[in-house]
Amino acid sequence: MAILHPNLKTFVAASTISVASLGVAPNVFADRIKPTPGARNLERFAHSLPSTQLSYEQQSAIEDSLDRAKAIVRDDETRRLFDQFSQEWIRDTEMFSDIHSHLLHPAYHKLLALGTSILPFIFDDMVQGNGARWLPALDSITLGKVNPVPPEHMDDAILMCQDWVKWAKSHGLTSAA
Amino acid sequence: MGLLPPHNCKYIKYFPKAAAGGYLLTSAESGFYNCIAWAIGKTNNKWWPSPYRQAGWYWPPNIRSDVSLQSFIDMFSQEGGYEEWADENATLEDEWEKIAIYARTGVPTHAARQLENGSWTSKLGVCHDIEHAAISFLETCACGESSYGHCVKIMRRRRREASPIPPSPL
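Which chain is which? The protein sequence lines are A and B, in order.
Here the first sequence is numbered in the working numbering, starting from 38 and rising by one per residue.
Here the second sequence is numbered in the working numbering, starting from 16 and rising by one per residue.
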C-alpha cells in the first residue's frame, strides 16, 4: 500500500473503529483469546465512540474484517506488528524533515490499518515523550471524532501531545493509567 | 568548545564529511520540530509546506504551500525578515545572520542557520540539533551526494533586527 486516498484511509480506520457500533457480541472470541488489560480498555473506548453512518458495502467489508481485527487486538501480535512497523517507519524517515517522507511511508499506512488496536501502544510511546510523531495518526485512527485539543493549542505540538496524553490516561488507555 | 566528532554516532554514516570535520550534538532528540522550524527559531511544531493541515505540522497560511524553493524563500522572508543573498561561500559577517537552504534535484530538503561564531546549527530530521563547521558538511555521504543535496540559496537578515532565537531544548 503506497498511497491511500483520503477516503480509503478513513475507511481503513473505520473498519476497526466501528466494531462496537455494529453490535457484534464483545465475547464472540472469548473462548480462544484471552483479553489483555489494554484490550479491555480499548473495548471500553470503542463503545464510547459515536456510531458511524456506513453504506451496506462498507458494513459488509467491516464485518468481514471483524474476526481479524478483534483477534489482533487481543494478543501479542498487535504489539509485534506495532513494533515492526513503527521501527521501520522511524528508521527510514527520522533524518528527513518533510511531511511527505513521514506520512507517505508504507509502514505508516500499515500502522494506520491496525486501527484502534494500536492506540494503547501509541499513548504509551507518547507518555515517554515521543508524542509528536503520532499526532496525525491519532487524528486518522479516531476519524477526527476524538479531539481533546482545544483550538488555542492547535499550533503547538507540545501542548497537543499533553492534551492527548491527559485524555488517554483519563480513559485508561495507557499502561500507567 | 571546539567541534568534536561524537563516537558511535548514527550520523557518521549519513554525513562522513561532517564527522571528519567535527560536529557537536547540541540537543536531545526531539520530534516536536524539524530543521525548518529550527532555522526560523521555533521548537513547538514541524514546519513544511503542504496543502493539507496535519496535526503537529505547520506552514504559515499566507505562504504558498507547494514544495518549491520559492515557497521556502517566501516563508523565510515573510516570517523571519530574511532577504535573498548571493553569497555562495556564506562567509561570516558579524552584522548578518544567515540561513542556508538545501535542495536535492531542485526540491528543498533542509535548512541551516549560521551562528555568531561562524559555524552552523542544523536540526537533523526529527533527531538531534547539531553544530557543524560548514554548510558543505551535510552535502555529501559515502555514496556521493547526501539525501539533503546541496545548498541552493543563502538568505540573510541583520542580527540586530533578529528576534532572539531560543537555545536548543535539552
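Every residue, glycine too, gets a C-beta built ideally from N, C-alpha and C.
| query | result |
| --- | --- |
| Give the C-beta separation of Y163 of chain B and Y117 of chain B to the nearest angstrom, bearing in mind that I take them to be a contact with Cβ-Cβ under 8 Å. | 5 Å |
| How would you list, in chain order, the residues of chain A whose beta-carbon sits under 8 Å from the beta-carbon of G140 of chain B? | T130, E131, M132, F133 and S134 |
| Reducing DSSP to helix, strand and coil, say where K57 of chain B ends up. | coil |
| Within 7 Å of any Cβ in chain A, is that where the Cβ of G189 of chain B sits? | This structure does not reach residue 189 of chain B, given that chain B is present from 16 up to 185, and the question cannot be answered. |
| Is I114 of chain B helix, strand or coil by DSSP? | strand |
| So, for Q129 of chain B: in the same chain, excluding its five sequence neighbours on each side, which residues have a beta-carbon less than 6 Å away from its beta-carbon? | K113 and W135 |
| Taking only beta carbons into account, state which residues of the stretch 145-157 of chain A come closer than 9 Å to chain B, listed in chain order. | none |
| Per DSSP, T155 of chain B forms a beta bridge with which residues? | B:E160 |
| State the CB to CB distance for the pair M132 of chain A and Y29 of chain B, rounded to an integer number of angstroms; the pair is presumed to be in contact (CB under 8 Å). | 6 Å |
| Roughly how many whole angstroms lie between the Cα atoms of D109 of chain B and W100 of chain B? | 15 Å |
| Under 7 Å, CB to CB, which of the residues in the stretch 46-59 of chain B have a partner in chain A? | G46, F47, N49, C50, I51 and N59 |
| Spatial neighbours of L196 of chain A within its chain, please: CB distance less than 6 Å, with the 5 preceding and 5 following residues excluded, ordered by chain position. | H190 |
| Please confirm whether P173 of chain A has its beta-carbon closer than 7 Å to some beta-carbon of chain B. | yes |
| Quick check: the Cα distance between L139 of chain B and F87 of chain B, rounded to an integer number of angstroms? | 17 Å |
| Let's see if you can read the secondary structure: which residues bound the beta strand (DSSP E) around P173 of chain A? | Run containing P173 of chain A: none in the beta strand (DSSP E); it sits in the alpha helix (DSSP H), L172 to I178. |
| If contact means a Cβ-Cβ distance below 8 Å, which residues of the stretch 66-89 of chain B contact chain A? | Q69, A70, G71, W72, Y73 and V82 |
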